[in-house]
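Before any comments, here is the structure.
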Amino acid sequence: MNSAVFKPRLWTPGDWNALFGFGTNILVNMLVLTGLLRFVLKMPDDIVFGRILPAVGLMMCLSTLYYAWLAYKLAKETGRSDVCALPSGISVPHMFVVVFVIMLPISVKTGDPVRGWEAGLTWVFVQSFVLMIGGFVAPWIRKITPRAALLGTLAGVSIAFISMRPAQEMFITPVLGLICFSLILVGWFGGVRFRGIPAGLVAIAVGCVIAWGATLFGLNYGGMSLGNVTSALSSFGFSVPVPAIGHVFSGFEFLGIILVTAIPFGIYDLVEAMDNVESAAVAGDSFPTTRVLTADGVVSLIGCLMGNPFINAVYIGHPGWKAMGGRIGYSAATGIVVILLSWFGIIALMMALVPVVAISPILLYIGMLIGAQAFQETPHKHAPAIVLALTPHLAAWGKLQIDNALGAAGTSAAAVGLDKLGQVGILYHGLEVMGGGAILGGLILGAIGVCVIERQFMKASAFALAGAVLTFFGFMHGEAIGIAQSPAVAFSYLVVSGVLGACAKYAHMLPAPMPSKVEEPGAPRVITGTVPS
100 MNSAVFKPRL
110 WTPGDWNALF
120 GFGTNILVNM
130 LVLTGLLRFV
140 LKMPDDIVFG
150 RILPAVGLMM
160 CLSTLYYAWL
170 AYKLAKETGR
180 SDVCALPSGI
190 SVPHMFVVVF
200 VIMLPISVKT
210 GDPVRGWEAG
220 LTWVFVQSFV
230 LMIGGFVAPW
240 IRKITPRAAL
250 LGTLAGVSIA
260 FISMRPAQEM
270 FITPVLGLIC
280 FSLILVGWFG
290 GVRFRGIPAG
300 LVAIAVGCVI
310 AWGATLFGLN
320 YGGMSLGNVT
330 SALSSFGFSV
340 PVPAIGHVFS
350 GFEFLGIILV
360 TAIPFGIYDL
370 VEAMDNVESA
380 AVAGDSFPTT
390 RVLTADGVVS
400 LIGCLMGNPF
410 INAVYIGHPG
420 WKAMGGRIGY
430 SAATGIVVIL
440 LSWFGIIALM
450 MALVPVVAIS
460 PILLYIGMLI
470 GAQAFQETPH
480 KHAPAIVLAL
490 TPHLAAWGKL
500 QIDNALGAAG
510 TSAAAVGLDK
520 LGQVGILYHG
530 LEVMGGGAIL
540 GGLILGAIGV
550 CVIERQFMKA
560 SAFALAGAVL
570 TFFGFMHGEA
580 IGIAQSPAVA
590 FSYLVVSGVL
600 GACAKYAHML
610 PAPMPSKVEE
620 PGAPRVITGT
630 VPS
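Position 289, counted from 1, in the sequence shown is what my numbering calls 388; the numbers after and before it change by one each time, with no gaps.
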């Protein structure tokens, strides 16, 4: 098809599926974000609904419109009608980090949640520039890193931090969660049609009926109540973003605390965005990495200058939305919906009307799809390297569960004693070291694994050397940036680099095994789990 005259369709029937699926994903994140601001940080409602949420809506609308335009441009250049826009929104891991590591401690220390908000704005300000600068080196990193390492560490994030929580929520309230999940499964994996109604909408509608029906009969499935609805209606009102530049620079008072996490998490964003761009390329849509990263940095900067203390990021899940039939329109439409939700105070009402458990199965579906992609889109012989790339994320997830449990009991691992934890099989220090900087740790370990499998020992040695440097300065296997943060681990990576280098020069090897009969990396494949448009 001649791309010069080809005009991509702005909306297709499949965009309805993707809009509803992605929209509910965004809705869940906004509900969680609002809960953190109101109930954890104790932020006044006039700040939450009058300043922060309108700025969040503006940033996300700019982001989704930009990625819709980028998809339109790619479709026009290639003459293809199946191009799917990259999903984007508030970075969920960063949402928890900025709340619990930056905003909450400063709010408690100063006794003023507004000071915590200001520190969060400064945190995003710093990260925005890390993203914009890093965007120019990211394509080179993506080029030299094996696909199994990129997708493997992405699968680790997907399994540990996307899939696990929704799955737990489903089994806490199985009458809601499992029934809704079954509808998602048969609709999006099994191809069952619901008379043209998106499966996600059917699942949430059924969940609402069960939850409110249970409330009517005095049961507590979903925690619905008329009192919550009445309270939410009081939050209605029209609020537009107001510049918060003064608040941004007030937060520079806490710059020393902020830099400890802002720089490593900026690097995390670089790697995560590269992973997600790689994931989209595997699904057939190759977007320019530099444009993606610089766009995230620019829209995050605009958001923070308007009062939003949360970073923007390209989301995991492009193959999932594409498999649902999403193309260009779903992204732009999501941005418009977010503006309506955030500027008119509708989020509070949504929190009171829709049980979160009814939405959780959609997130689990996306986690399943992305976790599977790492194995489906790489040679079979790279599977051990993918498993290796998963392990740092599992360690980080396990440590987080232990920390939260001990924190709820008013204690910590240090107070309990690492020896006592070890006696009951909890190797806390191992989880702490292995899970530190998990996204980079998974990438380096996965890359070493792939290179060894392919007998590219000198390249494996170079990745091990990179691991030594990153570890020495605290970017992986550590809790903070600094010098000699984990010296023993850094030295070990250095020795591994030497061993691999020696293998490249001196080792005598057995004949290489026959190559696996799978598609070469880079060849687009059909992803299991589609929805008929």
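Glycine residues also receive a C-beta, built at the ideal position from the N, C-alpha and C atoms.
Please confirm whether residue i and residue j have their CB atoms less than 8 Å apart.
i      : j      : result
ILE427 : VAL104 : no
LEU250 : GLU377 : yes
PRO204 : LYS141 : no
PRO186 : SER430 : yes
ILE258 : LEU564 : no
LEU369 : LEU392 : yes
TYR165 : ALA394 : yes
GLY406 : PHE228 : no
ILE538 : VAL256 : yes
LEU520 : ALA514 : no
CYS307 : VAL453 : yes
ILE458 : THR123 : yes
PRO342 : TRP216 : no
LEU275 : ILE309 : yes
ILE201 : TRP222 : yes
ALA473 : HIS417 : no
LEU542 : THR244 : yes
LEU130 : MET194 : no
VAL413 : CYS160 : no
For the alpha helix (DSSP H) containing residue i, name the first residue and the last one.
i      : result
GLY188 : Here GLY188 belongs to no alpha helix (DSSP H); instead the beta strand (DSSP E) covers 187-189.
GLY425 : Here GLY425 belongs to no alpha helix (DSSP H), and DSSP marks it neither H nor E.
HIS346 : 344-349
ASN116 : 112-134
LYS498 : 482-507
GLU268 : 263-271
GLN472 : 455-475
ARG390 : 388-404
VAL308 : 298-315
LEU109 : Unbroken run through LEU109: none, as it is neither H nor E.
ASP518 : 517-522
VAL225 : 212-233
PHE337 : Unbroken run through PHE337: none, as it is neither H nor E.
GLU531 : 527-534
VAL207 : 203-209
LEU249 : 246-256
LYS604 : 586-605
SER560 : 556-571
ASN319 : Careful: ASN319 lies outside any alpha helix (DSSP H) and carries neither H nor E.
LEU539 : 537-552
MET449 : 445-452
THR329 : 325-332
Who are the near neighbours of residue i in its chain, counting only those whose CB is closer than 8 Å to its CB and skipping five residues on each side?
i      : result
ARG137 : ASP144 and VAL147
PRO302 : Looking at the sequence provided, one finds Ala at residue 302 rather than Pro. Answer for ALA302: CYS279, PHE280, LEU282, ILE283, GLY286, ALA457, PRO460 and ILE461, listed in chain order.
LYS106 : LYS175
With DSSP as the reference, please indicate the residues paired to residue i in a beta bridge.
i      : result
VAL413 : SER187
Within a Cβ cutoff of 7 Å, which residues of the same chain sit near residue i, ignoring the five residues on either side of it in sequence?
i      : result
THR314 : MET323 and SER324
PRO297 : TRP115, ASN116 and PHE119
THR272 : TYR320, GLY321 and VAL456
LEU599 : PHE556, ALA559, SER560 and ALA563
THR433 : LEU118, PHE121, GLY122, ILE125 and THR163
VAL588 : VAL532, THR570 and HIS576
ALA583 : PHE571
VAL191 : ASN128
GLY149 : SER338
Which residues in the same chain as residue i place their Cβ atom closer than 6 Å to its Cβ, once the five residues preceding and following it in sequence are excluded?
i      : result
THR209 : none
THR111 : ARG426
ALA606 : none
ARG108 : none
PRO265 : SER459, LEU462 and LEU463
PHE224 : VAL347 and CYS403
PRO340 : PRO153, ALA154, LEU157 and MET405
GLY529 : none
PHE419 : This sequence places Gly at residue 419; Phe is not what is there. Hits under 6 Å: ILE465 and LEU468.
TRP311 : MET323
VAL595 : ALA563
ILE189 : ASN128 and PHE409
Using a Cβ cut-off of 8 Å (strictly closer), state whether residue i contacts chain D.
i      : result
ILE271 : Absent from the structure: chain D. Only one protein chain is present.
Margin query: Ignoring anything shorter than 4 residues, give me the alpha helix (DSSP H) runs that lie fully in the region 144-180, in order along the chain.
Written below: 152-177
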